[in-house]
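Counting along the sequence shown from 1, when you hit position 34 you're at 36 in our numbering, and nothing is skipped either side.
Glycine included, each C-beta is placed from N, C-alpha and C at the ideal position.
Note that this is a predicted model, so its numbers are computed, not measured.
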Amino acid sequence: MTYDEPMPWMDDRQKCRECDGTGEVIHEHEIYHRQGFDRDVGYVATKYVQEPCEDCSGTGETNNNG
């Protein structure tokens, strides 16, 4: 085995497509703010939350075979 050949234990791993190999995904959450309990007027705020990737369990790598 030479250094330019892939190692056998690394053949089944590839970069996660969901998180692009970072291990974390950014989700948008909409938060609704009303002016009062009896009024249906207000605004919508967007909060960005960084969470671990569910596809790769935060490692950034997935199996090549699925």
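Roughly how many angstroms separate the alpha carbons of residue i and residue j, rounded to a whole number?
{"i": "Arg15", "j": "Pro54", "result": "18 Å"}
{"i": "Gln37", "j": "Ala47", "result": "13 Å"}
{"i": "Gln52", "j": "Gly23", "result": "14 Å"}
{"i": "Cys21", "j": "Arg41", "result": "40 Å"}
{"i": "Val27", "j": "Gly44", "result": "29 Å"}
{"i": "Gly60", "j": "Tyr50", "result": "18 Å"}
{"i": "Glu30", "j": "Glu56", "result": "16 Å"}
{"i": "Gly68", "j": "Tyr34", "result": "Note that Gly68 scores a pLDDT of 48, beneath 50, so its modelled location is shaky; the value from the coordinates is reported in the next line. Rounded to whole angstroms, Gly68 to Tyr34 spans 38 Å at the Cα level."}
Run through the DSSP bridge pairs and tell me what residue i is partnered with.
{"i": "Glu32", "result": "Thr48"}
{"i": "Val27", "result": "Glu53"}
{"i": "Gln37", "result": "Looking at the DSSP assignment, Gln37 forms no beta bridge with any residue, so it has no partner."}
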